[in-house]
Amino acid sequence: MAAYLIVDVDDLLKFTAEHGVDLQELAVALRGNAALVAGLYDTSNLKAIAIADWRTELQGEWQVEPETMFRSVGYEVFDADDRSCLPDCLLDGLFRHDPAPISELILATTSLDLLPLISKLNLTRNSRIRVWGADENMLAGTEYEDQVIYQLLDGLYGLRTKNVWVYIDFENISISLNEQGFVVNLDHLIERLVSQAKAHGKLVKMAAYAPWGQRGALPPLVDSSGREVAGEAPARLMMANIDPVFHLPGKQSADIRIARDVLTDAGHPEAGDVIILATGDRDFNDVVNPLLQRNKTVIVWGVRGSTGRLLQSHPSLQLEYIDDFTDLQTHQSLSAVETEHDIESFIPSQWSSVIIQFYRLSAMSENATTTVDELINQLIDARDVVSSERGDDLVSQAISLGILQQQSAGGVSLNMQHPVVEKTLLIVNRMVRRVANTLSSRNWEYVNYGFLLKGLAMERDLDRPGMNENDQWRSHWIDCLVRERVLQRDLVPHRHNPDDLVPVIRIPSAEEHPIARQTEQTHGDVEAAAQKWQGVPPHQLFETEAEVARMVTRIVVSVQQFTSFRNFAWCPLGSLHRRLREFDSGVIFQQAVEYLLVNNMVAVNEYPNPRSDYNTKGIELDENNPFVAVLLAERDEFVQVLLQMYRNNTTITQASIERILPDGWDVPLWISTMRVENVLNPLPGRSDQYSLFRTHHSVKLVANDDVDEVAAAGN
40 MAAYLIVDVD
50 DLLKFTAEHG
60 VDLQELAVAL
70 RGNAALVAGL
80 YDTSNLKAIA
90 IADWRTELQG
100 EWQVEPETMF
110 RSVGYEVFDA
120 DDRSCLPDCL
130 LDGLFRHDPA
140 PISELILATT
150 SLDLLPLISK
160 LNLTRNSRIR
170 VWGADENMLA
180 GTEYEDQVIY
190 QLLDGLYGLR
200 TKNVWVYIDF
210 ENISISLNEQ
220 GFVVNLDHLI
230 ERLVSQAKAH
240 GKLVKMAAYA
250 PWGQRGALPP
260 LVDSSGREVA
270 GEAPARLMMA
280 NIDPVFHLPG
290 KQSADIRIAR
300 DVLTDAGHPE
310 AGDVIILATG
320 DRDFNDVVNP
330 LLQRNKTVIV
340 WGVRGSTGRL
350 LQSHPSLQLE
360 YIDDFTDLQT
370 HQSLSAVETE
380 HDIESFIPSQ
390 WSSVIIQFYR
400 LSAMSENATT
410 TVDELINQLI
420 DARDVVSSER
430 GDDLVSQAIS
440 LGILQQQSAG
450 GVSLNMQHPV
460 VEKTLLIVNR
470 MVRRVANTLS
480 SRNWEYVNYG
490 FLLKGLAMER
500 DLDRPGMNEN
510 DQWRSHWIDC
520 LVRERVLQRD
530 LVPHRHNPDD
540 LVPVIRIPSA
550 EEHPIARQTE
560 QTHGDVEAAA
570 QKWQGVPPHQ
580 LFETEAEVAR
590 MVTRIVVSVQ
600 QFTSFRNFAW
610 CPLGSLHRRL
620 REFDSGVIFQ
630 QAVEYLLVNN
640 MVAVNEYPNP
650 RSDYNTKGIE
660 LDENNPFVAV
670 LLAERDEFVQ
680 VLLQMYRNNT
690 TITQASIERI
700 LPDGWDVPLW
710 ISTMRVENVL
720 NPLPGRSDQY
730 SLFRTHHSVK
740 LVANDDVDEV
750 AAAGN
């Protein structure tokens with residue numbers, strides 16, 4: 040009887056961190072429970088395997104190295120540096136040397152990476168397969184749902200997770216941070232407080248105490264764009280599952296309320312194992328000592344320079360400083376960090392307003408220099424400042440930071456070499472261009488907000504440190520451009536449910552907005568360039584516009600594959616763009632479509648969509664066009680080479696293809712095109728090796744086998 044326990048250590052580290060479980064305690068509990076469910080008298084008959092990328096340092100702080108620790112409690116260790124081929128690596132490196140059929144297989148993991156191993160192993164007829172994970176819906180919808188016995192990790196015998204309860208004196212903490220010179224970014228502060236609490240175990244309760252709604256009771260609280268949001272604090276806390284608890288203004292009121300709630304909660308049977316008190320301006324011995332007597336772990340979060348000495352010197356307390364783990368910026372650092380290095384996240388700020396409004400002003404006057412008074416009036420008109428005095432102060436600070444440069448006769452200009460200016464203008468340009476391209480290529484009046492977020496995620500020019508990190512970052516900048524009147528946001532009825540309003544983004548008309556004029560000029564340039572390409576063969580286009588020529592090839596191949604397989608006359612232009620978006624940097628896709636149109640290689644029209652009440656914009660390929668015929672002939676020749684390698688059992692790599700094809704072929708282009716069309720698929724764990732999808736529609740047509748069957752399949 041062979042019984043195996045396989046523990047995915049790399050994967051389970053997140054579970055141990057979130058649930059406050061000691062890694063050694065987890066290892067022992069897993070092995071003991073595995074022997075118990077397998078019906079073994081002792082754990083020596085169980086083959087326990089700990090898999091991880093042991094050659095790299097595992098995340099976390101360890102008194103004993105994890106590899107040494109797992110060995111010491113009876114595990115064998117298996118080195119897995121490539122998770123993409125994890126089941127095959129285990130099969131070759133571990134199970135191939137043990138031919139005995141397995142009667143009990145237990146996988147401890149929270150991901151699906153290990154599950155394909157189940158179908159590859161030699162199992163007995165009555166074998167039992169168990170998976171221990173963290174999500175009760177982990178196997179839902181998978182082929183393994185009915186094959187395995189699933190159990191949650193935190194329900195295993197002998198494994199106890201630590202519950203964390205947090206009490207935040209928000210009034211005290213925010214005032215202390217402000218007094219120490221920090222800019223209290225509320226969203227950032229909430230995110231870091233929650234993250235730090237989860238590092239101590241399973242977060243069950245979190246409460247924030249303040250005189251909510253009392254004007255002036257809290258210091259300035261801002262969001263990531265620098266907007267004052269103190270009035271929105273309770274709502275933002277609730278969105279993060281933090282309970283905003285009201286108390287009357289005054290230090291004593293908060294202390295009494297927190298002390299009462301902590302001691303009351305501690306008396307409940309389900310009370311937290313770890314109690315975190317976010318405060319620090321007084322002696323909490325009356326609260327701390329009863330908690331310690333109940334064997335609670337007590338952690339105090341304080342602010343440096345504002346934490347009482349008694350709390351700092353208490354021998355049984357763990358003290359953590361909020362200013363250490365939140366990385367809040369100080370008012371002073373804002374003027375220096377921008378010019379020294381990339382900040383953690385490049386988000387909109389007051390300098391964004393100065394730069395964008397200067398950009399708008401210069402676009403209207405077509406002059407790179409403007410006066411300080413003109414810029415201040417522009418900022419007031421955009422409602423970025425409330426008065427001339429505030430505008431003058433903001434412009435003066437921008438000059439001192441080097442964002443603006445003083446010119447003769449009282450004029451100022453943008454310092455285009457300043458990193459903040461360069462990044463801001465790049466973001467403005469790419470976001471406006473993305474909206475304009477989408478509206479133009481799809482003939483839409485507006486762009487759905489969510490659709491725009493997805494499109495911006497593919498903007499490779501924005502892939503820089505601290506930029507284009509997630510949808511929240513993109514939303515911050517879209518909102519900034521709306522506030523600065525670069526973009527326009529409206530609410531329109533949902534086309535399937537008119538009672539439901541959805542946010543959309545437009546570009547203001549050229550009369551209203553100078554940047555829109557520049558955008559229209561850009562589209563005019565694209566169309567003018569396309570006219571120059573009329574009659575230019577695709578291979579000649581490579582000499583001057585290589586990226587456009589490559590996109591032309593991808594479009595022709597993709598549209599032909601789509602229409603041929605489905606026996607359609609046209610391909611939806613939107614889905615085609617999504618399919619090829621990773622290769623579209625800026626206006627490349629639009630330029631390629633313009634080239635195809637001007638050379639009569641395609642037609643773009645509105646077509647009836649059987650799945651919708653609305654017409655769909657589509658693209659139709661003219662396969663009789665000589666330029667199209669040349670590209671499809673190249674496609675067929677490339678596929679013939681792949682078929683030849685397939686028949687000869689030759690490994691398909693870029694190098695082996697280049698040895699067969701004559702010089703002049705753009706092999707990387709054709710490999711990536713075949714990958715997009717699913718003709719070639721990369722082999723897991725093998726660099727630059729591919730498998731041919733021999734029964735693919737296009738491959739069968741090129742091979743001239745089962746043509747009638749293939750054609751019928753498309754009907």
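Numbered by the numbering used here, the letters in the sequence shown go through residues 40 to 754 in order. Quick reminder that beta carbons are idealized off the backbone N, C-alpha and C, glycines included. This one's a predicted model, so the numbers in the text were calculated from it and none came from an experiment.
Mind listing, in chain order, the continuous beta strand (DSSP E) runs of no fewer than 3 residues lying wholly within the region 173 to 254?
Here the runs fully enclosed are 188 to 191, 202 to 208 and 241 to 249.
Cβ of Lys244 within 7 Å of any heavy atom in the ligand NAP?
Among the components of this structure there are no ligands whatsoever, and the ligand NAP is therefore not found.
To the nearest angstrom, how far is the alpha carbon of Ser711 from that of Arg167?
Straight-line Cα distance between these residues: approximately 43 Å.
Please go through the same chain and pick out, in chain order, the residues whose beta-carbon is closer than 8 Å to the beta-carbon of Leu615, but skip the five residues on each side of it.
Result list for Leu615: Ile594, Ser597, Val598, Phe601 and Ile658, in chain order.
Identify every residue that forms a DSSP beta bridge with Ala672.
None, per the DSSP bridge assignment.
Taking the C-alpha atoms as reference points, what is the distance between Leu44 and Lys237?
Answer to the nearest angstrom: the Cα atoms are 28 Å apart.
Helix, strand or coil for Ser166 per DSSP?
Ser166 falls in the strand class under three-state DSSP.
With distances taken Cα to Cα, identify the nearest neighbour of Ile696 among Phe666, Tyr729, Ala672 and Leu670.
Nearest C-alpha to Ile696: Tyr729.
Only counting the same chain, and skipping five residues up and downstream in sequence, which positions put a Cβ closer than 7 Å to that of Ser401?
Once the five neighbours on either side are set aside, the close Cβ partners of Ser401 are Ala407 and Thr409.
Under 8 Å between the Cβ atoms of His515 and Thr365?
No. Outside cutoff.
When you compare each of Leu495, Val48 and Gln417 to Glu104 by their alpha carbons, which one comes out closest?
Checking every option, the nearest Cα to that of Glu104 belongs to Val48.
Can you tell me whether Arg534 is buried or exposed? The criterion is at least 16 other CB atoms within 10 Å of its CB, across all chains shown.
The residue in question, Arg534, is exposed, as its Cβ has fewer than 16 Cβ neighbours within 10 Å.
Would the region 310 to 317 and the region 274 to 282 be scored as touching if the rule is three or more Cβ pairs under 8 Å?
The answer is no - the region 274 to 282 does not touch the region 310 to 317, with fewer than three Cβ pairs under 8 Å.
Counting C-beta neighbours from all protein chains within 10 Å, is the total for Lys53 16 or more, i.e. buried, or is it exposed?
So Lys53 ends up on the exposed side.
Hey, is the region 232 to 252 in contact with the region 75 to 95, meaning 3+ C-beta pairs nearer than 8 Å?
Output reads no: the region 75 to 95 does not touch the region 232 to 252.
Applying the 10 Å Cβ sphere with the 16-neighbour rule, what's the burial state of Ser158?
Exposed: under 16 other Cβ atoms inside 10 Å.
For the putative contact between Asn487 and Val521, defined by C-beta atoms under 8 Å, what is the C-beta separation to the nearest angstrom?
That pair is no contact at about 15 Å.
Evaluate the contact criterion for the region 183 to 199 versus the region 214 to 231: three or more CB pairs, one atom per stretch, below 8 Å.
The region 183 to 199, when compared against the region 214 to 231, does not touch it at the 8 Å Cβ threshold.
Rounding to the nearest angstrom, what Cα-Cα distance links Ala608 and Leu660 in this structure?
Rounded to whole angstroms, Ala608 to Leu660 spans 8 Å at the Cα level.
Applying the 10 Å Cβ sphere with the 16-neighbour rule, what's the burial state of Gln417?
That one is buried.
Note down, one range per segment and in chain order, each alpha helix (DSSP H) of at least 4 residues found wholly within the region 121 to 172.
Fully enclosed alpha helix (DSSP H) runs of 4 or longer: 125 to 132.
Trp513: buried (16+ other C-beta within 10 angstroms of its C-beta) or exposed?
First, the residue type needs correcting, since residue 513 is Arg and not Trp in the sequence shown. Burial call: buried.
If I measure Cβ to Cβ from Leu501 and keep anything under 6 Å in the same chain, skipping five residues before and after, which residues do I get?
The residues are Arg469 and Asn507.
Quick check: the Cα distance between Asn334 and Ile188, rounded to an integer number of angstroms?
Their Cα atoms are separated by approximately 36 Å.
Could you say if the region 386 to 395 and the region 423 to 443 meet the contact criterion of at least three C-beta pairs nearer than 8 Å?
These segments touch.
Should Phe285 and Pro250 be called a contact, given that it needs their Cβ atoms to be closer than 8 Å?
Cβ atoms of Phe285 and Pro250: closer than 8 Å.
Would you tell me roughly how many angstroms separate the C-alpha atoms of Ala742 and Leu635, rounded to the nearest one?
Cα to Cα, Ala742 sits roughly 28 Å from Leu635.
I'd like the list of long-range same chain contacts for Thr148, defined as Cβ closer than 6 Å, with 5 residues on each side in sequence excluded.
Cβ neighbours of Thr148 beyond the five flanking positions: Asp47 and Asp50.
So what's Val48 in DSSP terms, helix, strand or just coil?
If DSSP states are grouped into helix, strand and coil, Val48 belongs with the helices.
Let me confirm a value: Gly753 is counted as buried when at least 16 other C-beta atoms fall within 10 Å, else exposed. Which label applies?
Reliability fails at Gly753, whose pLDDT of 42 lies under 50, so the model's placement of it is uncertain and the value that follows must be treated cautiously. It counts as exposed.
Let me make sure I understand the geometry here. Which of Lys656, Ala631, Val637 and Lys86 has the alpha-carbon closest to that of Val643?
Closest option to Val643, Cα to Cα, is Lys656.
Rounded to whole angstroms, what's the CA-CA distance from Thr592 to Leu670? Just pull it up for me.
Going from the Cα of Thr592 to the Cα of Leu670 covers about 7 Å.
If you pair each beta-carbon of the region 420 to 432 with each one of the region 456 to 475, do three or more pairs fall below 8 Å?
With the cut-off at 8 Å, the region 420 to 432 and the region 456 to 475 do not touch.
First and last residue of the beta strand (DSSP E) that includes Glu645?
Unbroken beta strand (DSSP E) run through Glu645: Val641 to Pro647.
Glu271 and Pro259 look like a contact to me (Cβ under 8 Å); what is the Cβ gap, rounded to whole Å?
Rounded, the Cβ-Cβ distance is 13 Å, inconsistent with contact.
Please classify Asp539 as buried or exposed, where buried requires at least 16 neighbouring CB atoms within 10 angstroms.
So Asp539 counts as exposed.
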